[in-house]
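The next block holds one structure in the form of C-alpha cells; read it before the comments.
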Amino acid sequence: MYRLPRLGKSLSIAKKDLKIYYGKGPVVIFGILLPFFFFFAFLVGRKMPPLSLIAGLSGMAIWFTSTSISPVVVPWETRTKTLERLVASPISVTEMLLGDIIGSITLATSISAVTIFAVAAILGLMPVNFLTLLLGIVLASFCFSAIGVLISALPTDTTSDIMMLSTLIKFPLIFVSGIFIPTSNLPGWGTMISRFSPLTYFVDLVRFSFSGSGSPWMDIGALFGFSLLFLFASDFFHRRTLLKRL
Amino acid sequence: MGAIEANSLVKDFDNLRAVDGVTFEVKEGEVLGFLGPNGAGKTTTVRMITGVLKPDSGRAYIDGIDVTRDPIGAKEQIGIAPEEANCYIDLTARGNMQLAGELYGVPKKKIKEKSIKLLDEFGLLDRADSKVKGFSKGMRQRLILAMALVNDPPILFLDEPTAGLDVASQRLIKERIKDLNDQGKTIFLTTHNISEADKLCDRVAIINNGQIATIDSPEKLKSTIQSTQSALVSFSGNGLSQDKLKYLKDLETVEEIEKEGDKYRLYGLDPGEIVEEVVDFARSENLKIISLNTSGPSLEEVFTHLTTG
Ligand SMILES: Nc1ncnc2c1ncn2[C@@H]1O[C@H](COP(=O)(O)OP(=O)(O)OP(=O)(O)O)[C@@H](O)[C@H]1O
Ligand SMILES: [Mg+2]
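Same order as they appear, the protein sequences are chains F and P. Its first residue numbered 10, the first sequence is counted upward by one per residue in my numbering. Its first residue numbered 21, the second sequence is counted upward by one per residue in my numbering.
Laid out in C-alpha cells, this is it:
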C-alpha cells in the first residue's frame, strides 16, 4: 500500500533534529568557520572581482552548512538506539529522510543567508535578482542536504567514519565548481567534472543574481534535477541499509 | 480474528534461523506472556510483528491489518516499549512525549494533556522538564512506557519492561500493566520474570530455538507436569538423623527427598497424603513441625522442562 509522504511528520523529525543535533560542535566548525577560513585563505587578496568573491563565498557557505549535520544524524541515531524508535513509529522512511533534509535546510538557509547578505553589503554588492538568489539558496541547500543524507546511507554507527567520507567528497568538489577557478579556465576534463557538481550551478546562479547577465534557467533546472536525484537515491539506499542498523 | 496474529513467521540472520515458523494468536483484551531463554527469538518475533523487521516468510496481522502490506496502518494501532530502543537523552521527558505524540499523529492539545497525565502516572511529573540525560535506568524505562501510551493504543508490545529495575519500579510497572489490561488493552509481554508472567498473563507462550514450545494458560501448563509436586517441611532441632530420614524415604507416597537449607522437600504424586504421613511421623517421634506446606509444579519448572534437554 502506497501512502503519500505527510509533511507534518517530516516537520516533527526536523524539529527534533534542530533541537538535538544542530547545537553540537561540528555544525559550528564545519558549517560556519570553514567557509570563512577558506574565504580568507584563498579568495581575499587575490584581486578577484567582487562578483567572484560573493559567488565563491555563497557556494562554500551553503555547501558546508548543508553538509555539516545531515550526514551524521542517522549514524548518530543508530549509535544511541533511537533509530529503532523511529522505525517502529508510523512514519515512512521517506518521511524520516525528508525530515532530516528539512532540518538541514532550515539551518543552512538561515545561517548562509545572513552570511551572504552581510558579505555582499561589505563588498558593496546588491542582488539584481533577489528572488532568484533566494530560490537558489533554498534549492541548493535542499540539494546539498540530500547529498549529506545520501552519504549517511553507509550502514555505520560511527560518526567519524561518516565525517571522513563526507570530507573526502566535500573538499574536492569545491575545486571543480568554479569557486576558486572559473570553470571556463579548467582543463577539459575539469570542465566535464564540474558539470556533474551541483555546486557549479549554484555558484553560477549567484553570479547571475548579482550581475543580471546570462540566464538562470539552466542553473535552476539543474539544481532541481539534482535535488530530486539525490532525494530518490537517499530513499533507495536507506531502505536497503536501514535494517542492517537495527 | 485476534488482535495480534503471527502466521508461520521465519527470520534468518546469516546462517542462523532466529525465528522458525512461529504461529500464534492473541485475542482482544488478553495478556500474552512471551517467555524463552536468551537468544530464543523473542525480540526478533516482536520486531517482525511490529513492522520493524521484514519476515523472510510468514505474515503478521495487527487488528486484521497485514503488517507487511500496510506497516503504517498497523503501527498506528500499537504502542511499543522496545527492548533496546532508547529515548532521546538530549530532550526533556516532556520533549520525548511530544515527539512520540507527533509521530503517532496525536493532536497537539491532546499530547499536552496526555503527557502530564502519563508522566504523573509513571512518577515522572516532577522531572518532566529535565533532560533525560540525567535520568536513571528505571526512570528511562518508565518514560519509555509512558511514550508507548501517548497515542492511547489498543494493543501494546512490551519487551522486558521490568528488566534490571528495582522492586518499587517493577511493582509500579506491573500495576500499570494490570490497569491497562483492565481498560481492555491487549498486551504482548516479553519477560524473563516467570512469576511476573504467572501473575499477569492470561496465557503464556514458551519459545525455544525460534519455535513455540507451548502456549496455554499458566495453570494448564503447570498441570502438564504432574510428577514434581512436593511438600516442604522443617522440624525444630538439628535436622533429622539418618535412620529417621530413611524412614521418611521408605514411605509409600514419597518418591524422593531433597534437603533445602533447614527444610526437607518430599516429592510425590499426592502431596496431601505426604503431609498426613509427615504429621503422624512427627507425632510418633516427638518432633515439632515448624512449617509445612505443599506446592505444585511452578511455571518455572514447566519452563525449565521445555527449554532444556
Ligand atoms: N540484527 C541481528 N543480526 C544478527 N543476528 C541477530 C540479530 N538480531 C538477533 N539475532 C540473533 O537471533 C537470535 C534471536 O535473538 P533475539 O534477540 O530475538 O532473542 P531474544 O529471545 O529476544 O533474547 P533475549 O532474551 O536475550 O532478549 C539470537 O541468536 C541473536 O544472536
Ligand atoms: Mg530480547
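For glycine and all other residues, C-beta sits at the position ideal for the given N, C-alpha and C.
Review point. Leaving out five residues before and five after Ser193(F) in sequence, what residues of the same chain have Cβ atoms less than 8 Å from its Cβ?
Key: Position 184 of the first sequence holds residue 193(F). Excluding residues within five positions, the ones whose Cβ falls inside 8 Å are Thr200.
Review point. Which residues in chain P sit within 8 Å of Leu255(F), going by Cβ to Cβ distance?
Key: Your numbering for residue 255(F) matches position 246 in the first sequence. Residues of chain P with a Cβ closer than 8 Å to the Cβ of Leu255(F) are, in chain order, Arg67, Val72, Leu73.
Exercise for review: Return yes when the C-beta of Thr324(P) is under 6 Å from any heavy atom of ligand 1, and no when it is not.
Suggested key: Position 304 of the second sequence, counting from 1, holds the residue named residue 324(P). No, ligand 1 has no heavy atom inside 6 Å of this Cβ.
Review point. What does Lys95(P) touch in chain F if you count any residue whose Cβ is under 9 Å from its own?
Key: Position 75 of the second sequence holds residue 95(P). Ordered by position in chain F, the residues that pass the 9 Å Cβ test against Lys95(P) are Ala97, Ser98, Pro99, Ile100.
Exercise for review: List the residues that DSSP assigns as beta-bridge partners of Thr234(P).
Suggested key: Here residue 234(P) is taken as the residue at index 214 of the second sequence, counted from 1. Partner(s): Ile226(P).
Check your understanding: For Leu142(F), which option in Thr118(F), Thr165(F), Leu132(F) has the closest C-alpha, if you only look at C-alpha atoms?
Key -> Mapped onto the first sequence, residue 142(F) falls at position 133. Taking the Cα of Leu142(F) as reference, the smallest distance to any Cα among Thr118(F), Thr165(F), Leu132(F) is reached at Thr118(F).
**Study point:** Proximity of Phe255(P) and Leu307(P) at Cβ, strictly below 7 Å
**Key:** Reading the second sequence from its first residue, position 235 is the one you call residue 255(P). Reading the second sequence from its first residue, position 287 is the one you call residue 307(P). Yes, they are a contact pair.
Exercise for review: Thinking Met117(P) and Leu139(P) are a contact (beta carbons under 8 Å), I'd like their distance in whole angstroms, please.
Suggested key: Taking the first residue of the second sequence as position 1, residue 117(P) is located at position 97. Taking the first residue of the second sequence as position 1, residue 139(P) is located at position 119. Going by Cβ atoms, the distance from Met117(P) to Leu139(P) rounds to 7 Å, so yes, they are a contact pair.
**Study point:** Cβ contact check for the region 58-67 of chain P and the region 60-77 of chain F: 3 or more pairs under 8 Å
**Key:** No, the region 58-67 of chain P does not touch the region 60-77 of chain F.
Review point. From Glu48(P) to Ala97(F), what distance separates their C-alpha atoms?
Key: Start at 1 with the first residue of the second sequence, and residue 48(P) comes out as number 28. Start at 1 with the first residue of the first sequence, and residue 97(F) comes out as number 88. C-alpha separation (whole angstroms): 21 Å.
Check your understanding: Any idea which residues DSSP pairs Asn313(P) with across the strands?
Key -> Position 293 of the second sequence holds residue 313(P). DSSP output for Asn313(P) lists Leu252(P) as bridge partner(s).
Review point. Are the beta-carbon atoms of Gly230(P) and Val39(P) separated by less than 7 Å?
Key: Mapped onto the second sequence, residue 230(P) falls at position 210. Mapped onto the second sequence, residue 39(P) falls at position 19. A distance below 7 Å separates the beta carbons of Gly230(P) and Val39(P).
Exercise for review: Kindly indicate if chain P contains any beta-carbon less than 7 Å away from that of Thr89(F).
Suggested key: As a working note, residue 89(F) is residue 80 in the first sequence. The beta carbon of Thr89(F) falls within 7 Å of a beta carbon belonging to chain P, placing the residue at that interface.
Point to revise | Cβ distance (whole Å) where Val46(P) is taken to contact Ile24(P) below 8 Å | key: Your numbering for residue 46(P) matches position 26 in the second sequence. Your numbering for residue 24(P) matches position 4 in the second sequence. Between Ile24(P) and Val46(P) the Cβ distance is about 4 Å, and since that is below 8 Å, they are a contact.
Point to revise | Ser21(F) at chain B interface by Cβ criterion, 7 Å | key: Within the model displayed, chain B is absent; protein chains F and P are what it includes.
Exercise for review: Quickly, what does DSSP pair Leu178(P) with across the bridge? List them, please.
Suggested key: Position 158 of the second sequence, counted from the start, is the residue given in the question as residue 178(P). Ala101(P), Leu209(P), per the DSSP bridge assignment.
Practice item. Please determine if the region 111-127 of chain P and the region 125-143 of chain F are in contact, where contact requires at least 3 C-beta pairs separated by less than 8 Å. Key: The region 111-127 of chain P is not in contact with the region 125-143 of chain F.
Review point. In terms of residue numbering, what span does the alpha helix (DSSP H) encompassing Asn116(P) cover?
Key: For this step, residue 116(P) is matched to residue 96 along the second sequence. Its alpha helix (DSSP H) spans residues 113-123.
Practice item. Name, going along the chain, the residues of the region 96-126 of chain P whose beta-carbon falls closer than 8 Å to a beta-carbon of chain F. Key: The region 96-126 of chain P vs chain F, Cβ under 8 Å: Glu96, Ile100, Pro102, Glu104, Ala105, Asn106, Cys107, Tyr108, Ile109, Asp110, Leu111, Gly115, Leu119, Ala120, Glu122, Leu123, Tyr124, Gly125.
Practice item. With 8 Å as the C-beta to C-beta threshold (strictly closer), list the residues of the region 185-206 of chain P near chain F in chain order. Key: Of all residues in the region 185-206 of chain P, none is placed with a Cβ closer than 8 Å to any Cβ belonging to chain F.
Review point. Is Leu255(F) helix, strand or coil by DSSP?
Key: Locating residue 255(F) in the first sequence gives position 246, where the first residue counts as 1. Assignment of Leu255(F) by DSSP, reduced to helix, strand and coil, places it in the coil class.
Practice item. Going by DSSP, name the residue or residues bridged to Lys31(P). Key: Here residue 31(P) is taken as the residue at index 11 of the second sequence, counted from 1. In the DSSP assignment, Lys31(P) is bridged to Val39(P).
Practice item. Find the residues of chain P that neighbour Leu252(F), judging by a C-beta separation of less than 9 Å, and give them in chain order. Key: Residue mapping note: residue 252(F) aligns to position 243 of the first sequence, counting from 1. Val72, Leu73, Lys74, listed in chain order.
Point to revise | Between the CA atoms of Asn35(P) and Val53(F) - distance to the nearest angstrom | key: For the purposes of this step, residue 53(F) is taken as residue 44 along the first sequence, with counting starting at 1. For the purposes of this step, residue 35(P) is taken as residue 15 along the second sequence, with counting starting at 1. Computed Cα separation, rounded: 60 Å.
Exercise for review: Leaving out five residues on either side along the sequence, give the residues of the same chain with a beta carbon under 7 Å from the beta carbon of Phe219(F).
Suggested key: Here residue 219(F) refers to the residue found at position 210 of the first sequence. These residues qualify, in order along the chain: Leu60, Ile63, Leu134, Pro136, Val137.
Practice item. Below 9 Å between beta carbons is the criterion; list the residues of the region 184-199 of chain F that meet it against any residue of chain P, in chain order. Key: Residues are counted here when their Cβ sits less than 9 Å from a Cβ of chain P; for the region 184-199 of chain F the count is zero.
**Study point:** Glu93(F) at chain P interface by Cβ criterion, 7 Å
**Key:** The count along the first sequence starts at 1 and reaches residue 93(F) at position 84. With 7 Å as the cut-off, Glu93(F) counts as an interface residue toward chain P.
Exercise for review: Return the CA-CA distance between Ile235(P) and Glu133(P), expressed in angstroms with no decimal places.
Suggested key: In the second sequence, the residue the question calls residue 235(P) occupies position 215. In the second sequence, the residue the question calls residue 133(P) occupies position 113. Between the C-alpha atoms of Ile235(P) and Glu133(P) there is a straight-line separation of about 39 Å.
Review point. Any Cβ of chain P within less than 7 Å of the Cβ of Lys179(F)?
Key: Locating residue 179(F) in the first sequence gives position 170, where the first residue counts as 1. At a cut-off of 7 Å between C-beta atoms, Lys179(F) does not count as an interface residue with respect to chain P.
Practice item. With a threshold of 6 Å, establish whether the CB of Ala60(P) neighbours any heavy atom of ligand 1. Key: Residue numbering aside, residue 60(P) sits at position 40 when the second sequence is read from its first letter. Because some heavy atom of ligand 1 lies under 6 Å away, the Cβ of Ala60(P) counts as near it: yes.
Exercise for review: Note down, in chain order, every chain P residue with its Cβ under 8 Å from the Cβ of Arg259(F).
Suggested key: Only positions 10 to 255 of chain F appear in the structure, and residue 259(F) is not among them; the question remains open.
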